[in-house]
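Under the UniProt record's numbering, the residues of the sequence shown are numbered 1 to 671, in order. Right, one structure below, let's go through it.
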Amino acid sequence: MKRSKSRDSLLTRRRKFLLFVLAAALLYFLFIAFKFRLFLDVGLELPLDDVRSGLHGSSYLGAAQERKLEDGRNLDAPRKPLEHDALYRGSDQAIREGYGRISGGVMRQYMRGRGRQRRGNFSELERMAQEAWAVGLKAWEEADNYHPSDGLKNTAVIEGNPASSCPPSMSMSGDVDAASSEQVLFLPCGLAVGSSFTVVGTPHTAHKEYVSQLGRPGEENGTVLVSQFMVELLGLKSVENEDPPKILHFNPRLKGDWSEKPVIEHNTCYRMQWGRAHRCNGDAYKDDDETVDDFVKCESWEHEDITNLKEPKTISWLKRFIGRAKKPEMRWPFPFTEGKLFVLTIQAGIEGYHIYVGGRHISSFPYRTGFALEDATGLTAKGDVDVHSVYATSLPTIHPSFSVQQVLVMSERWKAPPLLQSSVELFIGILSASNHFSERMAIRKTWMQYPAIRTSTVVARFFVALSPRKEVNAALKKEAEYFGDVVILPFMDHYDLVVLKTIAICEFGVQNLTTRYIMKCDDDTFVRVDVIVRRLKGVAPHASLYMGNLNILHRPLRSGKWAVTFEEWPEEVYPPYANGPGYIISNDIARFVVSQHANQSLRLFKMEDVSMGMWVEELNTTTYIQYSHSWRFCQYGCIENYYTAHYQSPRQMLCLWEKLSRGVAQCCNFR
Numbered sequence: 001m002k003r004s005k006s007r008d009s010l011l012t013r014r015r016k017f018l019l020f021v022l023a024a025a026l027l028y029f030l031f032i033a034f035k036f037r038l039f040l041d042v043g044l045e046l047p048l049d050d051v052r053s054g055l056h057g058s059s060y061l062g063a064a065q066e067r068k069l070e071d072g073r074n075l076d077a078p079r080k081p082l083e084h085d086a087l088y089r090g091s092d093q094a095i096r097e098g099y100g101r102i103s104g105g106v107m108r109q110y111m112r113g114r115g116r117q118r119r120g121n122f123s124e125l126e127r128m129a130q131e132a133w134a135v136g137l138k139a140w141e142e143a144d145n146y147h148p149s150d151g152l153k154n155t156a157v158i159e160g161n162p163a164s165s166c167p168p169s170m171s172m173s174g175d176v177d178a179a180s181s182e183q184v185l186f187l188p189c190g191l192a193v194g195s196s197f198t199v200v201g202t203p204h205t206a207h208k209e210y211v212s213q214l215g216r217p218g219e220e221n222g223t224v225l226v227s228q229f230m231v232e233l234l235g236l237k238s239v240e241n242e243d244p245p246k247i248l249h250f251n252p253r254l255k256g257d258w259s260e261k262p263v264i265e266h267n268t269c270y271r272m273q274w275g276r277a278h279r280c281n282g283d284a285y286k287d288d289d290e291t292v293d294d295f296v297k298c299e300s301w302e303h304e305d306i307t308n309l310k311e312p313k314t315i316s317w318l319k320r321f322i323g324r325a326k327k328p329e330m331r332w333p334f335p336f337t338e339g340k341l342f343v344l345t346i347q348a349g350i351e352g353y354h355i356y357v358g359g360r361h362i363s364s365f366p367y368r369t370g371f372a373l374e375d376a377t378g379l380t381a382k383g384d385v386d387v388h389s390v391y392a393t394s395l396p397t398i399h400p401s402f403s404v405q406q407v408l409v410m411s412e413r414w415k416a417p418p419l420l421q422s423s424v425e426l427f428i429g430i431l432s433a434s435n436h437f438s439e440r441m442a443i444r445k446t447w448m449q450y451p452a453i454r455t456s457t458v459v460a461r462f463f464v465a466l467s468p469r470k471e472v473n474a475a476l477k478k479e480a481e482y483f484g485d486v487v488i489l490p491f492m493d494h495y496d497l498v499v500l501k502t503i504a505i506c507e508f509g510v511q512n513l514t515t516r517y518i519m520k521c522d523d524d525t526f527v528r529v530d531v532i533v534r535r536l537k538g539v540a541p542h543a544s545l546y547m548g549n550l551n552i553l554h555r556p557l558r559s560g561k562w563a564v565t566f567e568e569w570p571e572e573v574y575p576p577y578a579n580g581p582g583y584i585i586s587n588d589i590a591r592f593v594v595s596q597h598a599n600q601s602l603r604l605f606k607m608e609d610v611s612m613g614m615w616v617e618e619l620n621t622t623t624y625i626q627y628s629h630s631w632r633f634c635q636y637g638c639i640e641n642y643y644t645a646h647y648q649s650p651r652q653m654l655c656l657w658e659k660l661s662r663g664v665a666q667c668c669n670f671r
């Protein structure tokens with residue numbers, strides 16, 4: 001009986017403990033529900049009829065000062081043609097020639113001088129913008145002197161002479177310490193199937209390097225031995241201050257990898273965003289692994305921790321008795337050794353790159369979408385290696401991808417319909433770079449063919465700044481003239497000046513159209529226009545709206561490539577903002593941006609999506625704005641039933657459009 005009472009007492013204590021835990025959990029969830037209503041509203045995808053601002057009147061920058069719309073014009077008055085002075089007569093001429101409107105309103109604010117500086121510490125960005133406008137005007141004059149009689153076929157998109165500047169082979173020799181002096185072998189016409197390049201070099205002996213993640217400052221346990229180098233195929237960068245895309249990143253790590261084993265890593269970098277790394281660590285591949293041109297992706301090599309045990313004589317005799325013995329697996333050492341010469345050859349196949357060291361196949365890496373072999377116009381080797389010579393053979397003598405007439409499909413079918421006098425439901429401004437001919441052509445062939453766009457119920461335009469290369473600008477001018485969907489901004493494109501394009505989108509939507517909503521997206525973003533329009537129809541009339549994939553309490557990075565100094569942004573967090581690849585604002589927000597810019601009160605920041613969040617937050621102090629969040633405005637790639645899909649190559653754009661034609665909103669995640 002004592003044991004029974006003891007057991008009953010134990011069960012009673014367990015029940016009380018469980019009830020206590022459940023009660024505590026219930027109180028915690030009630031606390032979350034009532035105390036953090038803001039995060040629940042923004043973190044969940046809510047119906048538009050039930051979107052709550054929750055952000056009205058709040059400010060992560062401190063108490064924002066209320067500002068009135070002080071514009072010299074009445075934005076509600078009927079639109080009139082923009083007045084241009086002598087500096088902008090080239091823009092008027094461009095309009096008459098019919099190859100796209102040159103946005104002059106934004107330019108006037110910079111070129112006519114300013115009576116006072118913008119509020120905030122943005123003098124460096126302001127100076128950069130002034131220089132971009134000045135250089136851009138000169139570049140536009142050069143492009144404007146291009147005569148239509150020259151023809152598209154005489155316009156090369158790369159510098160240098162046509163076919164004669166593309167030799168079938170190239171070389172670079174001489175000992176180069178790539179760690180201190182990086183040299184790039186320029187490949188004028190890129191690569192083609194069958195092209196190969198060979199690098200002869202010697203890896204350095206491992207050196208000590210402190211890794212902060214492994215120890216505290218000053219402690220010896222944070223120091224590791226490192227020896228690694230990189231061989232990369234580079235593409236042409238689109239704008240100033242943007243790193244060239246890495247079409248192939250081949251990175252042998254002799255010592256210093258986090259796995260503490262020698263590995264070879266392959267990757268690509270597109271729009272300064274790394275893809276998923278493909279690593280070879282010497283393990284034997286599986287039979288069901290995918291191959292590249294019938295080559296395995298990773299060959300096996302010996303490990304120091306693996307010992308090959310000899311088979312017992314009995315097992316060996318039984319194998320011989322049953323049949324022929326299995327062919328022994330060849331295991332080689334890691335292909336690179338400190339201080340020893342290597343001969344590395346990378347060949348372009350049909351499906352991917354094939355890597356050989358000393359004539360032996362090491363690995364194969366499939367082509368990533370977004371790149372073509374012709375885009376590989378630079379070859380570099382750097383890191384802990386002495387490069388003795390570089391050879392490139394079987395190179396193409398012409399550059400088909402960079403020949404404009406083979407990228408642009410000059411057909412009436414892809415021309416933009418004219419603007420209507422009546423109001424439109426949505427205006428979409430697409431940020432693009434001058435040499436992104438294939439990206440723009442892919443959009444024209446896919447989501448710009450939605451019936452809403454073809455009937456001008458929805459209007460879409462590309463916003464493009466100028467390139468330092470006059471050949472590109474001349475080709476851009478011809479493209480805009482034919483298709484009528486390109487808005488050329490006559491400033492020199494720069495990675496930190498994207499915000500100027502966003503202002504131009506707002507200006508175009510306010511001054512040239514009558515529309516309730518304006519959407520901004522990138523030229524690698526696929527937009528499901530029909531779904532977006534249906535969602536917007538659920539918004540209450542005359543409601544102020546800020547819709548997208550919202551970030552809350554996002555902190556600025558203080559180190560690395562995307563570092564933001566305290567002078568640029570002194571606060572600890574950014575205001576709530578929608579990710580840049582795709583977001584929507586109502587017309588009143590765009591009017592606020594245009595008017596504040598006109599009276600020189602618009603605060604600029606080099607990250608355009610953060611800038612928009614900052615402007616919306618300021619307007620939100622006087623106007624109730626609905627913040628609508630949805631993960632379906634996908635920031636990193638594509639998700640099922642997406643509204644927008646980001647980082648989509650021209651090939652993926654066509655695939656997504658083909659799937660939608662069959663009524664399926666699925667992703668096309670090619671490797």
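For glycine and all other residues, C-beta sits at the position ideal for the given N, C-alpha and C. All of these numbers come straight from a predicted model, not from anything done at the bench.
Cβ separation of residue i and residue j, assumed to be a contact under 8 Å, to the nearest whole Å
i              : j                 : result
asparagine 225 : lysine 208        : According to the sequence displayed, residue 225 carries leucine and not asparagine. Between lysine 208 and leucine 225 the Cβ distance is about 6 Å, and since that is below 8 Å, they are a contact.
glutamate 374  : glycine 538       : Rounded, the Cβ-Cβ distance is 45 Å, inconsistent with contact.
glycine 201    : aspartate 386     : 6 Å
threonine 377  : glycine 235       : 6 Å
aspartate 493  : alanine 433       : 6 Å
glycine 383    : phenylalanine 229 : 3 Å
leucine 395    : leucine 187       : 6 Å
tryptophan 301 : proline 333       : 6 Å
proline 576    : leucine 550       : 6 Å
glycine 509    : alanine 590       : 5 Å
serine 438     : valine 407        : 5 Å
Distance, residue j Cα to residue i Cα
i              : j              : result
leucine 18     : leucine 26     : 12 Å
tyrosine 60    : glutamine 626  : Any reading at tyrosine 60 must be qualified, since the residue scores a pLDDT of 27, below 50, and its modelled position is unreliable; no value is offered.
serine 206     : tryptophan 258 : Residue identity check: residue 206 is alanine in the sequence provided, not serine. Their backbone Cα atoms lie some 15 Å apart in a straight line.
aspartate 609  : histidine 646  : 15 Å
valine 239     : serine 611     : 20 Å
residue 672    : valine 292     : The structure shown does not extend to residue 672, since the chain is modelled only from 1 through 671, so no value can be given for it.
alanine 480    : alanine 416    : 10 Å
glutamate 617  : histidine 597  : 16 Å
residue 672    : methionine 441 : Residue 672 lies beyond the stretch modelled for the chain, which goes from 1 to 671, so this question has no answer here.
glutamate 299  : leucine 344    : 15 Å
lysine 138     : aspartate 530  : 41 Å
glutamine 666  : isoleucine 639 : 8 Å
isoleucine 505 : alanine 540    : 24 Å
threonine 457  : glutamate 471  : 35 Å
threonine 565  : tyrosine 636   : 25 Å
alanine 475    : alanine 143    : 9 Å
tryptophan 615 : leucine 125    : 17 Å
Contacting residues, own chain, Cβ-Cβ under 6 Å from residue i (five flanking each side not counted)
i              : result
leucine 536    : Tyr517
isoleucine 584 : Tyr517, Met519, Met547
methionine 448 : Ala460
glutamate 171  : According to the sequence shown, residue 171 is serine rather than glutamate. Within the same chain, serine 171 has close Cβ partners Tyr391.
aspartate 574  : It should be noted that the sequence gives tyrosine, not aspartate, for residue 574. Closer than 6 Å at Cβ, skipping near neighbours: His554, Val610.
aspartate 588  : Ser544
glycine 136    : Leu466, Pro490, Phe491, Met492
glutamate 242  : Tyr495
isoleucine 430 : Phe462, Cys521, Asp523
histidine 354  : Phe295, Gln347, Ser364
Enclosing alpha helix (DSSP H) for residue i [first to last residue]
i             : result
lysine 470    : 470-483
glycine 509   : 498-511
aspartate 257 : Where aspartate 257 is concerned, there is no enclosing alpha helix (DSSP H), given that its DSSP letter is neither H nor E.
alanine 442   : 437-445
alanine 590   : 587-598
Neighbourhood of residue i by C-beta, 8 Å cutoff - its chain only, sequence neighbours within 5 removed
i           : result
residue 674 : A question about residue 674 goes unanswered here, because the residues of the chain that appear run from 1 up to 671.
Neighbourhood of residue i by C-beta distance below 7 Å, restricted to the same chain and skipping five residues each side
i              : result
alanine 563    : Leu557
isoleucine 350 : Val193, Asp293
The beta strand (DSSP E) enclosing residue i, as first and last residue numbers
i                 : result
arginine 662      : Segment: none, arginine 662 is in no beta strand (DSSP E) and carries neither H nor E.
phenylalanine 365 : 360-366
glutamine 626     : 625-629
phenylalanine 229 : 223-234
Next on the checklist: For the pair the segment 635-654 and the segment 430-447, tell me if three or more CB-CB distances fall below 8 Å.
Outcome noted: In this structure the segment 635-654 lies against the segment 430-447, because at least three pairs of beta carbons, one per stretch, are closer than 8 Å.
Checklist entry - Taking contact to mean at least 3 C-beta pairs separated by less than 8 Å, is the segment 273-285 in contact with the segment 362-372? => result Touching, yes, given that three or more Cβ pairs across the two stretches are closer than 8 Å.
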